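The block underneath contains the structure these notes are about, expressed in structure tokens.
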Amino acid sequence: MTQANDFSTDAVRAGYERTHEGEHSEAIFATSSFVFSNAAQAADRFTNNAPGNVYSRFTNPTVRAFEHRLATLEGGEACVATSSGMAAIMACCVALLEPGDHVVASTGLFGSTLQFFKKYLTRMGNPVAFAKIDQPSDWQQKITPRTRLLFVETPSNPLTQLADIKALATLARDNSAILVVDNCFCTPALQKPLELGADIVIHSATKYIDGQGRCVGGAVVGDNKRVGEEVYGFLRTAGPTMSAFNAWVFLKGLETLELRMQRHCQSAAEIAQWLKQHPAVSRVYYPGLADHPQHQLCQAQQTDFGGVVSFEVQGGQTQAWQVIDNTQMLSITANLGDAKTTITHPATTTHGRLTDDDREEAGINQSLLRVAVGLESVKDISRDLARGLDLIAMD
Ligand SMILES: *Cc1c(COP(=O)(O)O)cnc(C)c1O
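Here the sequence shown stands for residues 34 to 428, where the numbers follow this note's numbering.
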């Protein structure tokens, strides 16, 4: 996919071929299979000797439109849509790793990604080592002669630490490994990992790409060989594909992605500043703050600072829960990237299954809260957070 148009144009128009019905909005192809004109055509399509649809586990026009549009926005040659973000990570690892291949992944990963790496990938014969996300020298140390894949999620959840994608891409290339970036927090509206040298981009479309908390889905974006052939081949065979309906929802989500991200970022920056001056808040994690240790890297690597703000309250779990339980509007849920602002206590939810050691290693303490800033007014979001924060400040 070459990027012929500007991002905002491609987000609305790329990837879809109107059918003979002349529909203006993309059609949902709710069909499990497709019919052939004759036996020879069926044989040709099954053996890939002729293009065309066969069966919706691996060829569906609505899903293909989403794949083409996302590939265009990320600047990738190929995209494969999956049933969830986790299915995208699984498909990428299973399709691209040989038994014995070694993986180095960043600390501070999404909880299920960490579980998948530690419990299942290792069991399948691919040991995983973990490197500090913001220290390329630690990555260098963890790399072995068998390392074939570096995996990073940047900014990290929930502490918003950044990986230097260019530095890791160089490290990967120097060691005959590939760099895989989970771009869920930024989306291509804020960060283009492939342009920075990464080989593959992973998405949980469930988050900002949907944007309204409706569907679970994911995607793998990259070159024709690895993604278009190998990841696609695994998905075609093993089956964790995206449904036509979900692809349609995500197509619609992409149309408004850039606009929504602008508002998420602007509001998150204001909330971060507001939290910083609140007496009940001891620390704020947001790359847009001038005192964030990677503020400059963020300016170089992303076009804006993102919609997620984390902060520590004075006290511990009691005080953190007090903030959550005194909200009246915010959604108490672990989802993010939604029009509705969400609030989470990571230590007892998203990171609750980790051992105390792993949680400490990830830097997640009991006083930490994560807010994924939505599209409501900043005034109303801060007023809702203030209900609990003001009580703590008075104690
Ligand atoms: C949610 C999430 C995932 C997993 O995606 P699902 O769609 O829930 O399977 C992976 N990575 C990150 C950073 C996420 O936030």
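All C-beta atoms in this analysis are idealised placements derived from N, C-alpha and C, irrespective of residue type, glycine included. These numbers come from a predicted model, not from an experiment.
Between residue i and the rest of its own chain, which residues show a CB-CB distance below 8 Å, the 5 nearest in sequence each way excluded?
i, result
"Cys331", "Pro188, Leu195, Pro320, Gly321, His325 and Phe338"
"Glu131", "Arg181"
"His101", "Met34, Ala47, Gly48, Tyr49 and Cys112"
"Val87", "Ser66, Phe67, Arg78 and Phe79"
"Arg269", "Arg90 and Phe91"
"Ile365", "Ile357, Thr375, Ile376 and Thr377"
Among all the DSSP beta bridges, which residues are the ones paired with residue i?
i, result
"Arg316", "Glu345"
"Phe184", "Ala138 and Val213"
"Val161", "Val136"
"His236", "Ala252"
"Thr115", "Gly251 and Thr274"
"Leu223", "In DSSP, Leu223 forms no bridge with anything."
"Ala405", "Val341 and Thr375"
Any chance the CB of residue i is under 8 Å from a heavy atom of ligand 1?
i, result
"Asn279", "no"
"Arg198", "The sequence shown places Ile at residue 198, rather than the Arg named in the question. No, the Cβ of Ile198 stays beyond 8 Å of every heavy atom of ligand 1."
"Lys240", "yes"
"Phe218", "yes"
"Asp215", "yes"
"Asn190", "yes"
"Ile233", "no"
"Leu369", "yes"
"Ile365", "no"
"Met119", "yes"
"Thr146", "yes"
"Ile166", "no"
"Glu107", "no"
"Phe67", "no"
"Gly251", "yes"
"Ser237", "yes"
"Glu186", "yes"
"Ile397", "no"
"Ile376", "no"
"Phe150", "no"
To the nearest whole angstrom, what separates the beta carbons of residue i and residue j, a pair I think is in contact under 8 Å?
i, j, result
"Ile357", "His378", "6 Å"
"Leu204", "Trp172", "6 Å"
"Phe184", "Ser139", "7 Å"
"Ile121", "Val253", "Residue identity check: residue 121 is Ala in the sequence provided, not Ile. Ala121 to Val253, Cβ: 5 Å. Contact."
"Phe344", "Leu402", "6 Å"
"Thr95", "Trp281", "5 Å"
"Gly340", "Ala405", "6 Å"
"Thr388", "Ala367", "With 8 Å as the limit, Thr388 and Ala367 do not qualify as a contact, their Cβ atoms being about 19 Å apart."
"Ala333", "Asn93", "About 39 Å separates the two Cβ atoms, so there is no contact after all."
"Leu290", "Val342", "That belief does not hold up - the Cβ atoms of Leu290 and Val342 are roughly 20 Å apart, past 8 Å."
"Thr115", "Thr336", "With 8 Å as the limit, Thr115 and Thr336 do not qualify as a contact, their Cβ atoms being about 26 Å apart."
"Leu103", "Cys126", "About 20 Å separates the two Cβ atoms, so there is no contact after all."
Whose C-beta lies closer than 6 Å to the C-beta of residue i among residues of the same chain, with five residues either side of it excluded?
i, result
"Gly421", "Gln355, Val356 and Asn359"
"Gly370", "Lys240 and Tyr241"
"Gly396", "Leu192"
"Asp167", "Gln194"
"Ser410", "none"
Going along the chain, which residues of its own chain have a beta-carbon closer than 7 Å to the beta-carbon of residue i, five neighbours each way excluded?
i, result
"Gln36", "The pLDDT assigned to Gln36 is 47, lower than 50, so where the model puts this residue is not dependable, and the model offers no usable value."
"Val137", "Ala162, Ala164, Trp172, Lys175, Ile176, Thr180 and Leu183"
"Ala372", "Gly244, Gln245, Gly407 and Leu408"
"Gln399", "Gly349, Gln350, Ala353 and Ala380"
- Message: Ignoring anything shorter than 3 residues, give me the beta strand (DSSP E) runs that lie fully in the segment 339-383, in order along the chain.
- Response: 341-346 and 375-377, all fully within the segment 339-383.
- What residue ranges within the segment 38-103 form continuous alpha helix (DSSP H) runs of no fewer than 4 residues, ordered along the chain? Qualifying alpha helix (DSSP H) stretches, in chain order: 40-46 and 72-79.
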